[in-house]
Amino acid sequence: MKSILIVIPAYNEEKNIQPVYDALKKVFAPFASLYAFEILFVNDGSEDNTLGEIEKLASSDQTVKYLDFSRNFGKEVATTAGINSCKADACIMVDADMQHPVELIAEFITKWEKGAEVVVGVRNKSKSDVWLKKIGSRMFYSIINKIAEVKVVPNATDFRLIDKVVVEEFNRFTESSRMTRALIDWLGFKRDYVYFDANERLHGTASYSFWKLFGLAMNSFISLSLVPLKLAGYLGIIITTFAGISGFYILLGKYFFHTQFASTFSDSENLAILILFLVGILLTSIGLLALYVANIHKEVIGRPIYVVRKKNIN
Ligand code: UDP
Ligand code: MG
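Letter by letter, the sequence shown follows residues 1008 to 1321 of the numbering used here.
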């Protein structure tokens, strides 16, 4: 019998734990003789009673496992921890807030059985999204697909199934600032897609603020592409060339050909233009370098990417 692990990252989801558990149990029922299901909740430093709710389920149902983080590490790390603990034949990631329609898990499994090693849930366009989020995500996907080494499918979510071979490879990533779905995309493997309409969040509020999402997007740009780093170089070349030619033109005009145009620039004006350009180049380069240095720094110090306080899975 094949085994399947459902990984659920949960941050302040006390009211959603029981409903998502009930919904999953309903989905498992017809497959009971075919697959051994386990549910792994990763409590990501919730401040409410999420852990209590999980422990309650775990005490009455042996197939409910959990990891309890010592503080909030973010969803990306929570799902990573879940995948790291997976010993099953496949791992399915689901949000705790019921936005991912769990009844589609049957479809994920079918596609997996047909040979897909990664089955990705792709969200149909949602009417309820605020315009800022819509524009933001459109911009993100158009930029990342132009500059990154891997293609990122728009609206591909974390609602996905990965085979154990993918789990094994995924576990080799050591970078700590990560976007789980981007890393899975980076790995490649045979993939298939399941399309779904996202439900409204059942209880509570989404904890991803604009700035958290913005940070995640910036992080993906940096970790998946070298273009931002090169951009500073290109900008530098363009600006230096432009400044060089115009400076040369003005100098020649002033001292050799005595053109009207060149004489309208005073020495200090020329100098000001030059300095502005140079300062511009320096600032962009330094700013971008700083981003990369920060990234290198983070990796080099090799902090553990999460700290588990308690667990009932090996
Ligand atoms: N989540 C988490 N840690 C966090 C934020 C969110 O584990 O720091 C979980 C959350 O409990 C939910 C999933 O990640 O199961 C998606 O979060 P949310 O609904 O806030 O984001 P959105 O639906 O906007 O992607
Ligand atoms: Mg949500």
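The beta-carbon is built from N, C-alpha and C at its ideal position, and this holds for glycine as well. The structure displayed is predicted, hence computed values, not measured ones.
- Going down the chain, each residue whose beta-carbon is closer than 6 Å to a heavy atom of the ligand UDP shows up: PRO1016, ALA1017, TYR1018, GLU1020, ASP1051, ASN1079, GLY1081, LYS1082, ALA1085, ASP1102, ALA1103, ASP1104, GLN1106, ARG1208, ALA1213, SER1214 and TYR1215.
- Separation of the CB atoms of ARG1185 and ALA1163 is rounded to 16 Å, and the pair is thereby denied contact status at 8 Å.
- With 16 or more other Cβ atoms from the protein chains shown falling within 10 Å of its own Cβ, MET1105 counts as buried.
- ASN1152 and THR1271 have their C-alpha atoms spaced approximately 46 Å apart.
- For ALA1269, the enclosing alpha helix (DSSP H) has its first and last residue at 1267-1270.
- When DSSP reads this structure, GLY1128 sits in a beta bridge with VAL1201.
- Taking the C-beta atoms as reference points, VAL1201 is found nearer than 7 Å to LEU1111.
- Annotation for PRO1026: no beta strand (DSSP E) segment contains it, though the alpha helix (DSSP H) segment containing it runs 1021-1035.
- In the DSSP assignment, ALA1163 falls within the beta strand (DSSP E) that extends over 1163-1170.
- The three-state secondary structure of VAL1300, taken from DSSP, is helix.
- Looking at the DSSP output, CYS1098 sits in a beta bridge with LEU1012 and ILE1169.
- In the structure shown, the three-state DSSP call for PHE1038 is helix.
- One thing to note: ASP1096 has its Cβ within 7 Å of the Cβ of SER1010.
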